[in-house]
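J.: In UniProt numbering, the protein residues as written are 1 to 321.
Where is the CB? At the ideal position from N, CA and C, for every residue including glycine.
Just passing along the structure, written as structure tokens.
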Ligand code: CDV
């Protein structure tokens, strides 16, 4: 990693979760989260990243009606009575956190959501997942379902960046990490740290993808995105075998250099920490990724004008052979 003369240190923890089974109660899950929050605080972290949909099993793998899903897996408020012990511990310890959960709004809308909580346990931000993977129909021949498109609406809050604990923090969720637009939208708002949770099944139900590629793609998108956007990344898995359905681990903290500075070793509850140097991101932003100096948005207008790939544009005369 390049040397920087100044150092603005921040104690970051990523709390990976092992499986949450169908039979596990919210209370038991929250107890695990509180234990990891305490461990993170003991290791001088002031912010903890928890996974996507951290409070329940990864329920989009099961075919059921929306009403059944709401009844069993969605939260009507955050915090609520089940999750309050986590907020109480955060206030007691002075540790902020990111937590993913299934959100049911007062109007009955459903989102795959994460909240940003400050050191006084106040919810200071909310992000709703934009890039929903999977399908909305029943696939009886698949080994399991991936029904995010049935159970959730596309997030409607954009990709905001919040200033909390004196740093600029952005959030995304799981599949969002595979899309360059996610990161650039936040790095253009001077995000210094971007945090995310994920549930990544080890098997691809759409085609016979070699299993090792799941972890490989997870690594390359985090490492490339950290570097290209000059941000720190904290990524927390829910992983291992949930009632026989395996998901990858490899929770990690990645530096703006693209290097992995901490990585979970197993597939169970595990806290990883790093004292991250926020000035390292500033160094990259002053030089190779000085956006103001080097970007040319007029040359890449298509990125916001087109959704799917279409015909090549008419060639400018000078570009013709
Ligand atoms: N929960 C997810 O968003 N999972 C996706 C899988 C389906 C590819 C992911 O990007 O990890």
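Let me know the beta strand (DSSP E) ranges lying completely inside the region 220-307, each 3 residues or longer, listed in chain order.
T.: 232-237, 240-242, 245-247, 252-254, 260-263 and 270-277
J.: Across the region 176-194 and the region 142-149, are there enough close Cβ pairs to call them in contact, namely three or more that are closer than 8 Å?
T.: no
J.: Tell me whether residue 174, by its Cβ, gets closer than 6 Å to a heavy atom of the ligand CDV.
T.: Residue 174: yes, Cβ under 6 Å from the ligand CDV.
J.: Within 10 Å of its beta-carbon, does residue 225 have 16 or more other beta-carbons around it, so buried, or fewer, so exposed?
T.: buried
J.: Per DSSP, what kind of secondary structure is residue 175 in: helix, strand or coil?
T.: helix
J.: If I follow the unbroken beta strand (DSSP E) through residue 162, where does it start and stop?
T.: 161-164
J.: Is residue 197 closer than 7 Å to residue 236 when the C-beta atoms are compared?
T.: Contact annotation: residue 236 and residue 197 have beta-carbon atoms nearer than 7 Å.
J.: Using a Cβ-Cβ distance cut-off of 7 Å, determine whether residue 64 contacts chain B.
T.: In the structure shown, chain B cannot be found, because there is only a single protein chain.
J.: Might you give, ordered along the chain, the residues of its own chain that have their beta carbon closer than 6 Å to the beta carbon of residue 152, omitting 5 neighbours on each side?
T.: 110, 111, 112 and 132
J.: Beta-carbon within less than 7 Å of residue 307's beta-carbon, same chain only, minus the 5 sequence neighbours each way: which residues are those?
T.: none
J.: When every heavy atom of the ligand CDV is checked, does at least one fall within less than 6 Å of the C-beta of residue 210?
T.: Because no heavy atom of the ligand CDV lies under 6 Å away, the Cβ of residue 210 does not count as near it: no.
J.: On the DSSP bridge assignment, give the partners of residue 16 in chain order.
T.: 270
J.: Under a Cβ-count criterion, where at least 16 other Cβ atoms within 10 Å of its own Cβ denotes burial, should residue 79 be classed as buried or exposed?
T.: Label assigned to residue 79: buried.
J.: Below 8 Å, can you find three or more Cβ-Cβ pairs linking the region 65-74 to the region 117-132?
T.: no
J.: Taking 7 Å as the cut-off, decide whether the C-beta atoms of residue 30 and residue 85 are in contact.
T.: yes
J.: Between which residues of its own chain and residue 320 is the CB-CB distance below 8 Å, once the five residues before and five after are set aside?
T.: none
J.: Per DSSP, what are the beta-bridge partners of residue 111 in this structure?
T.: Residue 111 pairs with 103.
J.: Cutting at 8 Å between CB atoms, please list the residues of its own chain near residue 180, excluding the five before and the five after it.
T.: In the same chain as residue 180, and ignoring 5 residues on each side of it, the C-beta atoms closer than 8 Å to its own belong to 225 and 228, in chain order.
J.: How big is the Cα-Cα spacing for residue 10 and residue 276?
T.: 5 Å
J.: Could you check if residue 199 belongs to the surroundings of the ligand CDV, using beta carbon to heavy atom distance under 6 Å?
T.: Correct: residue 199 has its Cβ closer than 6 Å to the ligand CDV.
J.: When the Cα of residue 216 is compared with those of 257, 294 and 252, which residue comes out closest?
T.: Put simply, of 257, 294 and 252 the residue whose alpha carbon is nearest the alpha carbon of residue 216 is 252.
J.: Check for me: the alpha helix (DSSP H) holding residue 198 runs from which residue to which?
T.: From DSSP, residue 198 is part of no alpha helix (DSSP H) but of the beta strand (DSSP E) over 193-198.
J.: Starting from the C-beta of residue 258, find all residues in its chain whose C-beta is less than 8 Å away, skip the five residues before and the five after it, and write them out in chain order.
T.: 223, 224, 226 and 227
J.: Using C-beta distances below 8 Å, list every residue in its chain close to residue 34, excluding the 5 sequence neighbours before and after it, in chain order.
T.: The answer, listed in chain order, is 85, 86 and 89.
J.: Over the uninterrupted beta strand (DSSP E) stretch that includes residue 73, give me the two end residues.
T.: It is not in any beta strand (DSSP E) - residue 73 instead sits in the alpha helix (DSSP H) that spans 66-73.
J.: So is the beta-carbon of residue 133 under 6 Å away from any non-hydrogen atom of the ligand CDV?
T.: yes
J.: Report back the beta-carbon spacing between residue 234 and residue 171 to the nearest angstrom; my notes put them in contact at under 8 Å.
T.: Not confirmed; about 10 Å, so no contact.
J.: Can you round the beta-carbon distance between residue 238 and residue 77 to whole angstroms, since I take them to be within the 8 Å contact cut?
T.: Residue 238 to residue 77, Cβ: 22 Å. No contact.
J.: For residue 44, collect the residues of the same chain with a Cβ closer than 6 Å to its Cβ; drop the 5 residues on either side in sequence, then sort them by chain order.
T.: 11
J.: Quick check on residue 208: does DSSP put it in helix, strand or coil?
T.: coil
J.: Does the beta-carbon of residue 146, which I'm using as the reference point, lie nearer than 6 Å to any heavy atom of the ligand CDV?
T.: For the ligand CDV, at least one heavy atom lies less than 6 Å from the Cβ of residue 146.
J.: Does at least one heavy atom of the ligand PLP sit under 6 Å from the Cβ of residue 191?
T.: As for the ligand PLP, it is missing from this structure, which binds only the ligand CDV.
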